[in-house]
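Listed in order, the protein sequences are those of chains A and B. Following the numbering used here, the numbering of the first sequence begins with 167 at its first residue and continues without gaps. Following the numbering used here, the numbering of the second sequence begins with 21 at its first residue and continues without gaps. Okay, structure first, notes after.
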Amino acid sequence: MAQLILNHLSKDFGTGRAAVSDVSLTVREGGFLALLGPSGCGKTTVLRMIAGFEQPTDGSIVLGERTLADAGGALPPEKRNMAMVFQSYALWPHMTVAQNVGYPLKVRGVTGATWQARVKDALSVVRLEEFADRRPADLSGGQRQRVALARCLVTSPDVVLLDEPLANLDRHLKAAMEETFREFHARSGATMIYVTHDQGEAMALATDIAVMSEGRLMQVASPQEIYARPEGRVVGGLVGQGAILDLALPDRGPRLLSWPVIEAAFRQTSGPSRPVLVRPEHVVADPEGVMLQVTSCVFEGERFALSLRTAGGQNLRAYSTHALDCGVLQPFVIRQGWLL
Amino acid sequence: MPRSSANRSSQPVWLLPFVIIAVCLLSGLPLARLLYAGLRFSIEGKATGLFSEPSTWFAIRNTLVTATGGMLIAVLLGATFAFVVTLTDIRAKGFFSFAFVLPMMIPPQVTALAWVQMSGPASPLLKTLGIAPPLGSPQPLYSLGGIALLLGVQHAPLVFLALKAGLAALPRDGVEAARLAGASPMRVFRDIIFPLAVPGLIAGAAIAFVSGVGNFGIPAILGIPASIFVLPTLIYSRLSSFGAGTFAEMSQLSMVIAVIAGLGLVVQQRALRGRDYRIIGLSGQNAAFSLGLWRGVAETGFSVILFFVLVAPVAALVASSLVPAYGVPLNFQTMSLHAYSEILFRQSVTLTAFANSLFLSGTTACGLLLFTVFTAYLLTRRPGKLADIITGLIEIPYALPGIVLAVAFILLFAAPLPLVNVSIYGTIWIILIAYFSSFFAVSLKPVASAFLQLDPSLEEAARLSGAGFFCRMRDILVPLIAPAAGASVILVFLIACSELTVSALLWSAGTQTLGVAIFNLDDSGSSDLASALSVLVVVMVVILMLLLELLAKHLPKGVLPWRN
Chain A
167 MAQLILNHLS KDFGTGRAAV SDVSLTVREG GFLALLGPSG CGKTTVLRMI
217 AGFEQPTDGS IVLGERTLAD AGGALPPEKR NMAMVFQSYA LWPHMTVAQN
267 VGYPLKVRGV TGATWQARVK DALSVVRLEE FADRRPADLS GGQRQRVALA
317 RCLVTSPDVV LLDEPLANLD RHLKAAMEET FREFHARSGA TMIYVTHDQG
367 EAMALATDIA VMSEGRLMQV ASPQEIYARP EGRVVGGLVG QGAILDLALP
417 DRGPRLLSWP VIEAAFRQTS GPSRPVLVRP EHVVADPEGV MLQVTSCVFE
467 GERFALSLRT AGGQNLRAYS THALDCGVLQ PFVIRQGWLL
Chain B
21 MPRSSANRSS QPVWLLPFVI IAVCLLSGLP LARLLYAGLR FSIEGKATGL
71 FSEPSTWFAI RNTLVTATGG MLIAVLLGAT FAFVVTLTDI RAKGFFSFAF
121 VLPMMIPPQV TALAWVQMSG PASPLLKTLG IAPPLGSPQP LYSLGGIALL
171 LGVQHAPLVF LALKAGLAAL PRDGVEAARL AGASPMRVFR DIIFPLAVPG
221 LIAGAAIAFV SGVGNFGIPA ILGIPASIFV LPTLIYSRLS SFGAGTFAEM
271 SQLSMVIAVI AGLGLVVQQR ALRGRDYRII GLSGQNAAFS LGLWRGVAET
321 GFSVILFFVL VAPVAALVAS SLVPAYGVPL NFQTMSLHAY SEILFRQSVT
371 LTAFANSLFL SGTTACGLLL FTVFTAYLLT RRPGKLADII TGLIEIPYAL
421 PGIVLAVAFI LLFAAPLPLV NVSIYGTIWI ILIAYFSSFF AVSLKPVASA
471 FLQLDPSLEE AARLSGAGFF CRMRDILVPL IAPAAGASVI LVFLIACSEL
521 TVSALLWSAG TQTLGVAIFN LDDSGSSDLA SALSVLVVVM VVILMLLLEL
571 LAKHLPKGVL PWRN
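Have a look at this one:
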């Protein structure tokens with residue numbers, strides 16, 4: 167196993183707008199990278215290029231010492247020793263669960279007792295041993311997902327690719343499957359690449375998150391880093407809850423803003439404005455603060471989510487332990503903000 | 021660094037050349053040969069006598085009259101059935117649909133024979149019932165009107181199916197919105213449903229017209245005895261009286277058929293222009309208009325029509341096959357299975373015909389599958405201009421009237437094959453190749469729709485598992501499309517087994533098919549044997565159709581021509 171390097175990777179389907187342009191990133195060996203972005207941002211195309219289903223128009227993909235693909239040619243998917251969990255699971259309906267899981271072994275010429283043992287092993291990891299002789303049609307969505315995962319596990323692939331694997335599952339199942347993925351990653355040690363548009367999934371699972379937008383790579387960092395210090399409006403709006411305020415701030419100074427700086431900016435009405443990300447947990451009711459109008463108050467179970475409006479007409483979000491009436495004006499302090 | 025050349029697609033390098041060569045040999049070559057011959061003979065001015073003969077112009081007029089008349093009858097019958105079956109609460113919809121489309125699958129010469137046995141002074145059925153017209157009175161079906169009527173009955177299912185497909189996509193919520201807006205059921209039909217159904221109606225009418233122009237079996241049985249010739253039967257009679265200018269005449273007459281059929285399609289295009297209504301909204305269950313008291317009337321009416329279109333002709337056919345000689349009434353004294361034992365055990369002509377047709381249709385059905393699986397795979401995985409051209413080339417020989425295709429193959433193989441210097445003209449092989457060409461489209465459609473329906477990730481998962489092309493075909497793709505492949509084989513077998521038009525021109529002694537045998541037996545006056553053979557063909561058609569019905573729930577939508 168080795169690290170996976172994407173080198174100035176580009177893909178143009180000839181539609182006039184590149185689907186992926188100039189994406190460079192390195193996934194360390196055994197890493198778990200989440201490719202995060204809204205639909206149509208090119209993340210699935212990147213994944214399909216890594217798998218070998220699409221050939222890059224420019225740039226290259228290198229796994230360890232091997233060049234898998236560049237503009238001149240590509241190693242076909244069947245020779246890449248990768249595995250993938252598809253959004254539709256892609257289980258073969260005419261085969262039993264065991265045959266589905268064991269197919270990559272069969273193609274590699276493994277038969278008999280070895281085949282039996284390895285299929286059983288893989289199924290035990292996803293706790294489906296007793297379903298070995300069922301057909302995929304007889305399984306629930308979560309079980310199908312686990313069969314697809316077992317099929318990835320069985321050949322010890324260098325890289326495991328996951329294409330929105332949780333998109334079709336309900337919320338309870340999602341949580342359970344996230345746990346299975348985490349276990350699977352710890353156990354197999356494979357490099358994993360996980361495509362999702364759900365930032366919650368990405369933060370919960372990945373060791374690294376790559377945020378994409380309109381075919382470009384915006385930022386790559388650990389989940390904590392990307393939450394606390396996002397780069398630019400797109401990443402700031404995409405990762406975590408929060409609101410972006412346009413505040414008149416001095417050109418120099420630290421990017422992490424404290425309340426006195428923000429308060430000063432609130433009083434400043436002229437000058438060029440700059441985008442500041444404010445997380446809802448940093449907006450707290452405080453008599454020392456500025457007056458904000460409550461525009462909505464929604465009960466979310468453990469707390470109330472507030473939408474607030476500044477005197478300048480900008481929107482903010484906050485949490486509250488008790489209900490507030492719509493329309494009331496109340497003082498709030500913004501403990502910190504992040505200059506995007 | 022291991023590397024395969026720019027192989028991002030899943031197809032092996034040889035697949036595209038393989039498909040292109042197959043399609044060129046089966047479709048491109050005969051079409052090009054026909055076009056070349058027709059143009060050359062026209063330019064060189066050979067066979068100019070053809071268009072100064074009045075018989076040519078009579079045939080053209082007869083073709084236009086029967087095809088147009090047949091189209092009108094087909095539209096009337098087909099549209100009535102389609103509107104009532106899809107839009108109202110009439111009972112036994114499945115039965116009515118199946119029974120109504122059955123005539124489409126019955127070979128035209130059998131339909132014609134059955135109707136002849138049902139009417140006229142010598143009809144065993146009418147004689148048995150004691151209502152036969154006096155001997156010597158003319159057979160009313162041996163006329164232009166008779167030909168048009170039967171063409172209408174034969175092709176009404178085409179209109180029915182074309183219209184039903186359009187009506188099935190009709191948005192239910194659109195109809196409901198119109199009702200809520202205050203429109204009565206009649207208004208809804210006039211203002212909403214009918215305008216949306218017009219494209220299907222035009223398409224169905226065009227298919228019925230083109231099929232009528234190319235039909236050979238019906239005018240052959242009904243027209244030739246009365247010396248009424250249409251273009252396909254004129255070509256046939258020219259070939260029978262083989263002379264020096266025959267090839268030139270046949271290719272020019274074929275061109276005339278192709279031009280008339282083409283004009284029909286042009287008229288359709290013009291009529292359809294500006295009528296591309298994209299259906300938006302839910303199209304699911306159709307709005308059921310309650311017929312109230314009229315329901316019983318409609319059901320009775322349909323039953324009466326089906327009786328005359330389906331039950332009576334088949335009964336007449338059976339009756340004719342059970343009497344010892346033409347004109348004898350059927351009763352317990354005269355009834356015998358003599359005709360059946362004759363055709364099944366004694367007559368070498370019919371036995372050869374059975375053997376030939378089974379061999380031809382079996383080989384065509386199974387052999388074509390080999391081409392169609394690869395072609396369908398290529399067409400789904402590599403969509404684009406080239407795929408459209410390939411699909412078009414495959415469809416032309418099927419859309420072309422059979423008689424025109426047969427002429428193309430005669431021209432192509434009249435001379436010995438180059439290099440090997442062997443002539444296949446007059447052997448069974450020329451029929452086999454013509455069948456391959458003619459039924460390629462029939463064989464392709466079920467397999468292609470199965471491939472289209474397949475989630476591409478199933479194959480991608482197999483690729484990532486390490487499976488190469490043949491491995492994937494064997495383990496993943498072929499098992500998944502197996503039901504459609506089975507349907508393709510049965511369908512081709514069903515149509516090829518009783519086919520007449522292509523083999524009528526291409527057969528010679530010893531290579532006659534079932535269709536040809538029925539036609540020849542009737543022509544030589546052995547109507548009891550012809551009827552018995554026809555009964556067996558009808559039984560076979562119904563059994564194969566029922567077999568396909570059983571497969572239906574495993575098949576992609578639209579595979580079975582009588583279902584959609």
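Ideal Cβ positions, reconstructed from N, Cα and C, are used throughout, including at glycine. This one's a predicted model, so the numbers in the text were calculated from it and none came from an experiment.
Only counting the same chain, and skipping five residues up and downstream in sequence, which positions put a Cβ closer than 6 Å to that of residue i?
i	result
Phe432 of chain A	Val456
Asp299 of chain A	Thr262
Ser649 of chain B	This structure does not reach residue 649 of chain B, given that chain B is present from 21 up to 584, and the question cannot be answered.
Ala198 of chain B	Val208, Ile212
Start and end of the alpha helix (DSSP H) containing residue i?
i	result
Leu155 of chain B	Where Leu155 of chain B is concerned, there is no enclosing alpha helix (DSSP H), given that its DSSP letter is neither H nor E.
Ile110 of chain B	Here Ile110 of chain B belongs to no alpha helix (DSSP H), and DSSP marks it neither H nor E.
Glu196 of chain B	192–200
Val536 of chain B	534–543
Ile227 of chain A	Looking at the DSSP string, Ile227 of chain A is not in any alpha helix (DSSP H); the run it does join, the beta strand (DSSP E), is 224–229.
If we define contact as Cβ-Cβ less than 9 Å, is residue i a contact residue for chain B?
i	result
Phe219 of chain A	yes
Thr321 of chain A	yes
Tyr269 of chain A	yes
Leu172 of chain A	no
Asn334 of chain A	no
Ser254 of chain A	yes
Trp245 of chain A	A small fix is needed here, since residue 245 of chain A is Lys in this sequence, not Trp. Interface residue, yes.
Thr258 of chain A	Strictly speaking, residue 258 of chain A in this sequence is Trp, with Thr absent from that position. It does; some Cβ of chain B falls within 9 Å.
Met343 of chain A	no
Arg300 of chain A	no
For residue i versus residue j, is the C-beta distance shorter than 9 Å?
i	j	result
Ala484 of chain A	Val427 of chain A	no
Leu592 of chain B	Ala268 of chain B	The shown model of chain B, from 21 to 584, leaves out residue 592 of chain B, and the question about it has no answer.
Ile363 of chain B	Leu568 of chain B	no
Ala426 of chain B	Ala454 of chain B	yes
Glu415 of chain B	Ala461 of chain B	yes
Gln253 of chain A	Glu367 of chain A	no
Gln129 of chain B	Ile538 of chain B	yes
Leu242 of chain B	Ala79 of chain B	no
Looking at chain A, is there any beta carbon in it that lies within less than 9 Å of the beta carbon of residue i?
i	result
Leu36 of chain B	no
Pro22 of chain B	Reliability of the predicted coordinates at Pro22 of chain B is poor, the pLDDT of 40 falling under 50, and the value obtained from them is presented with this limitation in mind. Judged by the 9 Å Cβ criterion, Pro22 of chain B is in contact with chain A.
Ser544 of chain B	no
Glu64 of chain B	no
Asn27 of chain B	Any reading at Asn27 of chain B must be qualified, since the residue scores a pLDDT of 43, below 50, and its modelled position is unreliable; the value itself is stated next. By this cut-off, Asn27 of chain B is an interface position.
Gly486 of chain B	yes
Ser368 of chain B	no
Leu575 of chain B	no
Asp626 of chain B	A question about residue 626 of chain B goes unanswered here, because the residues of chain B that appear run from 21 up to 584.
Ala481 of chain B	yes
Apart from the five residues just before and just after residue i, which ones in its own chain have a Cβ nearer than 7 Å to its Cβ?
i	result
His175 of chain B	Gly90, Ala94, Ala228, Ser231, Gly232
Leu35 of chain B	Phe394, Leu398
Pro22 of chain B	Confidence is the limiting factor: at Pro22 of chain B the pLDDT is only 40, short of 50, which leaves the residue's position unreliable, though a coordinate-based value still follows. Answer for Pro22 of chain B: no residue qualifies.
State the start and end residues of the unbroken beta strand (DSSP E) segment that holds residue i.
i	result
Glu173 of chain A	In the sequence under discussion, the amino acid at residue 173 of chain A is Asn, which differs from the Glu named in the question. Per DSSP, Asn173 of chain A belongs to the beta strand (DSSP E) from 170–177.
Cys386 of chain B	Taken as a continuous stretch (DSSP letters only), Cys386 of chain B belongs to no beta strand (DSSP E), being part of the alpha helix (DSSP H) at 368–401.
Cys463 of chain A	449–465
Ser439 of chain A	439–444
Asp374 of chain A	374–379
Apart from the five residues on each side of it in sequence, which residues of its chain come closer than 8 Å, Cβ to Cβ, to residue i?
i	result
Leu145 of chain B	Gln137, Met138, Ala332, Ala335, Ala336, Ala339, Ser340, Leu350
Leu526 of chain B	Ala426, Phe429, Ile430, Ile450, Ile451, Ala454
Ser24 of chain B	With a pLDDT of 42 at Ser24 of chain B, under the threshold of 50, the modelled position of that residue is not reliable, and the figure given next carries that caveat. Excluding residues within five positions, none has a Cβ falling inside 8 Å.
With a cut-off of 8 Å, do at least 3 Cβ pairs link the stretch 447–460 of chain B to the stretch 31–39 of chain B?
no
Inter-stretch contact at 8 Å, needing at least 3 Cβ pairs: the stretch 94–101 of chain B / the stretch 482–496 of chain B:
no
Hey, is the stretch 309–317 of chain A in contact with the stretch 263–272 of chain A, meaning 3+ C-beta pairs nearer than 8 Å?
yes
Are the stretch 455–474 of chain B and the stretch 506–521 of chain B in contact at 8 Å, needing three or more beta carbon pairs?
yes
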